[in-house]
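Residue numbers (this note's numbering): 1 to 102.
Right, dumping it as structure tokens:
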């Protein structure tokens, strides 16, 4: 099974993030192909300070690894650093309206 999931960097990692997502990710990476990311593009919908956001992105990656995500077992990336992610989003937005997705 392939698992893809991420958390926005807009706030601090809290117990809800850990219990609701990260703890499960740690066990899932043992037997699955896992891709975990920092959803920084998703966080651009609210006002932010660029330097503060950059620091939070780094903190999230550190927190993922400190919590037990293993870069040898899972792919860990920052959403905005993969240009194809944004390109694919743009292409899909031009051909597939939200109403059709629902």
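Backbone N, C-alpha and C define an ideal beta-carbon position, used for all residues, glycine too.
In this text the structure is predicted, and so the values were computed from the model without any measurement.
*Per the contact definition of three or more C-beta pairs closer than 8 Å, is the region 35-47 in contact with the region 77-92?*
yes
*Contact test: residue 86 Cβ vs the ligand SAH heavy atom, cutoff 6 Å*: Absence of the ligand SAH from the depicted structure is noted, as is the absence of any ligand whatsoever, leaving it without description.
_Alpha-carbon to alpha-carbon, residue 27 and residue 72_ = For the purposes of this step, residue 72 is taken as residue 72 along the chain shown, with counting starting at 1. For the purposes of this step, residue 27 is taken as residue 27 along the chain shown, with counting starting at 1. One C-alpha to the other measures close to 14 Å.
*At which residues does the alpha helix (DSSP H) containing residue 59 begin and terminate?*
In the chain shown, the residue the question calls residue 59 occupies position 59. Element bounds for residue 59: 50-67.
*asked:* Using the Cβ count rule (16 or more neighbours within 10 Å means buried), how would you classify residue 29?
replied: On the chain shown, position 29 is the one that residue 29 refers to. Classification of residue 29: buried, given that the 10 Å Cβ count is 16 or more.
*Taking residue 1 as the reference, which of 66, 8, 25 has the closest Cα?*
What you label residue 1 is simply residue 1 of the chain shown in a count that begins at 1. Among 66, 8, 25, the Cα nearest to that of residue 1 belongs to 25.
*Any idea what DSSP makes of residue 10, helix, strand or coil?*
If you number the chain shown from 1, residue 10 lands on position 10. Coil.
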